[in-house]
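Single-structure report; data block below.
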Amino acid sequence: MKRILIWAFAAMAAACSPVQRAVREVAADPYTNDNRYVVILSMDAFRWDLADHAHTPTLDSLRAVGTYATTYPVYPSNTFPNHYSMATGLHPDHHGVVNNRFYDKVLERPMSVFNYDDTKTQNFWGGDPIWNTAERQGRVANIFMWPGSEVPIDGRQATVWTRYSDEPSYRERADWVVEAMTRSVEQIPNLVMWYFEEPDASMHRYGPLSEQAIAQAEHIDSTLRYFFWKIRQSPVYDKINFIVTADHGMTELSNDRIANLYDVLDPQRVVRTVGGAPFGLEVEAGYEQEALRALRKVKGIRAFARKDVPAKYNFGKHPTRITNIVVMPDLGWTVEYRKPDVERRPIGRGAHGFDCFDRDMSMVFYGTGPAFRKGYEQRSFQDLNIYLILCHLLGIEPSENDGDWRAVRKMFVE
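Using the numbering used here, the first residue of the sequence shown is number 1, and each one after it goes up by one.
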């Protein structure tokens, strides 16, 4: 069989030259369409109430003509664990991306989702991401910057994919999707996933409901207005189901809410720390209970032995990537392990990673298209169920997952 090279965004080459383009050798005419098309966008940290504080007529219109819900993240409420849970339907304990950064006890080294070499490590990503689930069953996926899509998982990648870069404008990214969906019908992918890094970046720096975050929400809305105007050119426009969602929320931080664990622990018996929320603390064997007793006196945190993390979080059972003590900061608190003579690092104005059931961590879900009910407000659901939603819309069988179909089935036209 003749082999061809498919270049991601080939039609956009001149306009998007700074972007790294992926190339994959595939069989000629790999596209198998079944009148099922889904386009899903993730807006990083678009908190559930942000649109209420901004002028967002496009999002308001999506809510009016389709299905709307507030969703809540898996724990921890951070970017990569949640994007990959949406992609696999699994809790981080089961897909292995337990945080943006973690220590792997088998490899005996720290790992980071921001280090491309780390992410290429065998078994870094577990589970079966939706682009693999779909392509094994005859669908075709084009994945633009969705976290987890830039490396082979179980030997597979999407037909078209690209590594993350913050250089392309949001309109350029919208044009990538439009180009994919306005090809000849036999070349249109069934699944397109794309990603915006805002309003997360602005919220971290300025605060969750700052002028800058609101401006980013309005910029995104303007981009979506442009996108929906352009996408009408697609020959399958009336068959496309659109989802606009987010991975977690954001809450306000304060320099008055900082818990320094160094003050109550014996540093000679602390093996390592993994910063962030939750805060990972590995202590010597035999010191765990004493350390937990000391940590219970610290304001602004809850500390658990790994095996005792409350079951509702579905966190703590991964055998190699979670420290023996898990420190969960209370909402708006920052955890550190800092010697008195070391200068404190700036903490920013906003953060996530907190209790996934806290309202500030909740986010938005908009669904519109032929499969979604019109003007319907769906009961809140956990974002890992998006995997099941995508499988339903694509007409494919899901792989093993932790989702609950009952939590989302009522949003669809029968």
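Virtual Cβ for every residue (Gly too), placed ideally from N, Cα, C. Keep in mind that this is a model prediction, so the values were computed, not measured.
So the candidates are the options; which of them puts its Cα closest to the Cα of residue i?
i      : options                           : result
Asp154 : Ile130, His219, Ala285 and Tyr116 : Ile130
Leu41  : Asp52, Asp118, Trp176 and Val106  : Trp176
Gly280 : Lys105, Tyr72, Asn35 and Arg47    : Lys105
Ala217 : His55, Asn241 and Ile143          : His55
Ala305 : Lys299, Lys312 and Lys317         : Lys317
Val408 : Leu261, Glu397 and Gly367         : Gly367
Thr320 : Ser77, Ser202, Asp256 and Val97   : Val97
Leu62  : Gly375, Met181, Ile389 and Ala87  : Gly375
Asp166 : Tyr195, Glu179, Thr182 and Ile143 : Tyr195
Ile243 : Ala291, Glu172, Thr70 and Asp330  : Thr70
Asp341 : Asn260, Arg373, Lys312 and Gly332 : Asn260
Asn142 : Gly332, Thr223, Thr162 and Tyr387 : Thr162
Glu290 : Val264, Leu390 and Tyr103         : Val264
Gln187 : Leu390, Thr121 and Tyr37          : Tyr37
Asp266 : Gly276, Asp60, Tyr287 and Ala158  : Tyr287
Look up residue i in the DSSP assignment and give the residues it is bridged to.
i      : result
Ala141 : Leu191
Trp161 : Ile143
Tyr72  : Gln382
Ile40  : Met193 and Ile243
Met203 : Beta-bridge pairing links Met203 to no other residue.
Phe279 : Val327
For residue i, count neighbouring Cβ atoms within 10 angstroms of its own Cβ and tell me buried if that reaches 16, exposed if not.
i      : result
Arg344 : exposed
Ser149 : buried
Trp229 : exposed
Ala22  : Residue placement at Ala22 is poorly supported in this model, since its pLDDT is 32, which falls under 50; the coordinates still yield a value, given next. Counting Cβ neighbours within 10 Å, Ala22 comes out buried, since at least 16 surround it.
Tyr75  : buried
Asp29  : Below a pLDDT of 50, predicted positions are generally treated as unreliable, and Asp29, at 40, falls in that range; no measurement from the model is reported.
Ser234 : buried
Asn123 : exposed
Arg232 : exposed
Ser202 : buried
Trp405 : exposed
Gly353 : buried
Ile396 : buried
Ile4   : Interpretation of Ile4 is limited by its pLDDT of 29, a score under 50 that renders its predicted location unreliable; the figure taken from the coordinates is listed afterwards. Looking at its Cβ environment, which holds fewer than 16 other Cβ atoms inside 10 Å, Ile4 is exposed.
Arg109 : exposed
Gly348 : exposed
Val178 : buried
Pro168 : buried
Asn255 : exposed
Leu394 : buried
With H, G and I counted as helix, E and B as strand and the rest as coil, what does DSSP make of residue i?
i      : result
Gln216 : helix
Ala28  : Low local confidence applies: a pLDDT of 35 at Ala28 is under 50, so the model's placement there is unreliable, with the coordinate-based value given in what follows. If DSSP states are grouped into helix, strand and coil, Ala28 belongs with coil.
Lys387 : First, the amino acid is wrong: residue 387 is Tyr here, not Lys. Three-state DSSP puts Tyr387 in a helix.
Leu209 : coil
Ser149 : coil
Phe412 : strand
Arg321 : coil
Phe124 : coil
Thr334 : strand
Phe227 : helix
Leu292 : helix
Glu252 : strand
Phe372 : strand
Tyr170 : helix
Glu108 : coil
Glu284 : coil
Glu186 : helix
Val23  : Residue confidence for Val23 is low, a pLDDT of 28 falling below 50, so the modelled location carries little weight and cannot support an answer.
Gly367 : strand
Val65  : helix
Asn260 : strand
Ile347 : coil
Find out if the Cβ-Cβ distance for the pair residue i, residue j is shorter than 8 Å.
i      : j      : result
Gly138 : Asn401 : no
Ala351 : His204 : yes
Arg47  : Met250 : yes
Asp419 : Ala285 : There is simply no residue 419 to check, as the chain begins at 1 and stops at 414 in what is shown.
Phe412 : His392 : yes
Thr133 : Arg257 : no
Ile240 : Val39  : yes
Ser362 : Tyr68  : no
Asn100 : Asn78  : yes
Trp146 : His83  : yes
Val236 : Pro278 : no
Leu292 : Ile301 : no
Tyr262 : Lys339 : yes
Examine the ligand GTP and report whether any of its heavy atoms sits within less than 7 Å of the Cβ of residue i.
i      : result
Gln382 : In terms of ligand content, the structure shown is empty, and the ligand GTP therefore cannot be addressed.
For residue i and chain B, any beta-carbon pair shorter than 8 Å?
i      : result
Ala201 : Protein chain content of the structure displayed is limited to a single chain, and chain B is not contained in it.
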